[in-house]
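Quick notes on the structure that follows.
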Amino acid sequence: MLVVEFKSHREVIELRKYFVKRVVFPLMEKVKGNRIRHYLRELQDSERYDADQIRSLQMEKLQRLLIHCLKNVPAYKELAGLLTTVERDPHRALEGFPVLTKSHFVRHADRYLSDNSDKSELIANRTGGSTGEPVHFYLDRVTVEYYEAARWRGLSWWGIELSDPSVMIWGAPLELSKNQSLIYRLKERFLKNRIIIPAYGLDPRQISHYVRLIESFAPEYLYGYASALSAFASLLGEHNLRIKRPLKGVVSTAETLFDEQRAVIERYLGGPVINEYGARDGGIIAFQCPSGSMHISEENLILEIIDMQTGKRVEDGRSGLVAVTDLNNYSMPRIRYLLGDVASLSPERCPCGRSLRTLKRIEGRVDDLFLSLDGKIVHGHYWNHIARNMKGIRQFQLIQHDPENVTLKVVKSELFDSSEVKQFLEKIEDVLGPVRVNLIYCDSLEPSPSGKIRYARREFPLPSRR
Ligand SMILES: [Zn+2]
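Residue 64 in UniProt numbering is what sits at position 64 of the sequence shown, and the numbering runs on without skipping anything.
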């Protein structure tokens, strides 16, 4: 019997890292033909290109994709008249393609499947549906691997390597049977060098157990939804705990990261917060560099900002809807796909030296925007600003069901004072007008099945002046 004795805990940690780097990845490349590391090197080269080189790389990819769409994708064949413009100036031709909403795509998804795609080779995926109806779609393996490579490139800016240990702070209860869950956890631990811990519903004993578990697993970084990370960080704060191990970063993904969430995460989880702008149906769209800019994955996608009312591209610096054209997905291309987010492009270059363009602001989801009775648009952030100074409100959720009706849910803290809620209600009336407010006190806010908590959202469409 082979007995391996480890001299120290440090050696176990090093061995795990070595195993993932030298065994798991080479094996995946050999057996599954995985090319993530190859794409990662490619992206690490191109991020140092100058702006013109990046643009010509994009144009080449865009031209090839658009020609493919006009010839092989039923939804785009009727635009065949754009072919000569595509050949001359693909960026201009792109403006001739209609923007694609999620609801249109959901209803006509089969028309976006390319005639020459081999379904057996495709990777089926879907969004969680926490923000509307779920979207089902197919991706090429290349696309998925480029998504991964873009994430690893972003992480590499912070000194994080492919095999580094991490802890995922998970918001959702795992929807897996016990058996599958064990296999899932083993895979996570040994193939990805990652453990998963829950963020919600923990009692004080469990919290200190998880803090010990994190410390002993010795991660280089944590990963999770903004709401899950900040919920976990607040719990630590309430119990006078914090992660003492210095981390390379805490990666916040899939949700708008609010300033107050960033502050609480940095305070209790012990690392700089790194914002990843990603979507299941859009890949890694942008990644924060150490200088603080959100660099767009320009080699993988074209990002446009579209005016909400006119449907046209807006100039840099102005905010509008984010439309993404994935440059690698040929089996089911979505051109100018609206993710449902509101953001603006920065006209400036980042001092870090990477020439990938940056986003000036990611304002959040379009359904974070509220509509006042007199037709003004109010950003959901506004409610966070109001609530964050109210010591008696641990958490809140504001939902606008229709222009006249909102629900305010409040989770009280030990310092609860009803005058603060009265103040909150007055602010709602100031901003939205005399709407009806259904006030509910609750013990906790339930995350959606995908593990996200939306603090402010609107449930009806905004009037369009298009
Ligand atoms: Zn930068």
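For glycine and all other residues, C-beta sits at the position ideal for the given N, C-alpha and C.
Among residues of its own chain, excluding the 5 on either side of C289, which ones have a beta-carbon nearer than 7 Å to its beta-carbon? W157, H295, C350, C352, R354
Hey, is the region 132-150 in contact with the region 278-288, meaning 3+ C-beta pairs nearer than 8 Å? yes
Just checking S293 against ligand 1 - is the residue's beta carbon closer than 6 Å to any of the ligand's heavy atoms? yes
Excluding sequence positions up to five away, which residues of its chain have a Cβ less than 6 Å from the Cβ of K61? L327
Beta strand (DSSP E) segment containing T85, residue limits: That residue, T85, is in no beta strand (DSSP E); its alpha helix (DSSP H) goes 83-88.
Could you tell me whether any non-hydrogen atom of ligand 1 is closer than 6 Å to the CB of R354? yes
Rounding to the nearest angstrom, what Cα-Cα distance links M28 and D115 in this structure? 30 Å
So the candidates are C69, D52, V251; which of them puts its Cα closest to the Cα of M332? C69
Please name the residue in H401, F396, A218, T256 whose C-alpha comes closest to that of F416. F396
Provide the residue span of the beta strand (DSSP E) that contains Y225, from first to last. 221-225
Is residue 539 near ligand 1, in the sense that its beta carbon is under 6 Å from a heavy atom of that ligand? The structure shown does not extend to residue 539, since the chain is modelled only from 1 through 466, so no value can be given for it.
What three-state label does DSSP hand S130 in the structure shown? In this prediction, S130 has a pLDDT of 47, which is less than 50 and means its spatial position is unreliable; nothing more can be read from the coordinates.
Out of curiosity, what's the CA-to-CA distance linking N34 and P204? 42 Å
With respect to the alpha helix (DSSP H) encompassing T143, which residues constitute its N-terminal and C-terminal limits? 141-156
With distance defined between alpha-carbon atoms, name the residue in D164, L182, I214, F217 nearest to K192. D164
Taking only heavy atoms of ligand 1 into account, decide whether any of them is closer than 6 Å to the Cβ of C69. no
What does the Cβ neighbour count give for F424, buried or exposed, with the cut at 16 atoms within 10 Å? buried
Considering only the alpha carbon of each residue, which of S293, Y337, S234 lies closest to I265? S234
Indicate the three-state DSSP secondary structure (helix, strand or coil) for M168 in the structure shown. strand
Segment contact, 8 Å Cβ cut-off, at least three pairs: the region 310-325 with the region 249-266: no
Please determine, among Q400, F217, I36, A254, the residue with the shortest C-alpha to C-alpha distance to S227. A254
Would you call the region 334-345 and the region 418-437 in contact, with 3 or more CB pairs under 8 Å? no
For M294, which beta-bridge partners are listed by DSSP? Q288, L359
Taking the C-alpha atoms as reference points, what is the distance between G129 and V135? Confidence in G129 is poor, its pLDDT being 49 and thus under 50, which makes the residue's placement unreliable; the coordinate value appears in the next sentence. Using only the alpha carbons, I get a separation of about 7 Å.
Distance CB(L213)-CB(V250) smaller than 7 Å: no
Please classify D118 as buried or exposed, where buried requires at least 16 neighbouring CB atoms within 10 angstroms. exposed
Y225 to P447 span [Cα, whole Å]: 11 Å
Beta-carbon within less than 7 Å of T127's beta-carbon, same chain only, minus the 5 sequence neighbours each way: which residues are those? P134, V135, R280, D281
Can you find the residues in the same chain that come closer than 7 Å, C-beta to C-beta, to D374, ignoring five residues on each side of it along the sequence? G433
Cβ-based neighbour list, G159, same chain, cut-off 7 Å, excluding 5 preceding and 5 following: K248
With a threshold of 8 Å on Cβ separation, who are the neighbours of H379 within its own chain once the five nearest residues in sequence on each side are excluded? E363, G364, D368, L369, F370
Three-way DSSP call (helix, strand, coil) for E266 in this model: helix
Consult DSSP for I377 and reduce its assignment to one of helix, strand or coil. strand
Rounded C-beta distance between L162 and V211? I'm assuming under 8 Å. Their Cβ separation, rounded to whole angstroms, is 26 Å, which puts L162 and V211 out of contact at 8 Å.
Could you tell me the distance, in whole angstroms, from the CA atom of A456 to the CA atom of F19? 44 Å
May I ask you to report which of helix, strand or coil DSSP gives P98? coil
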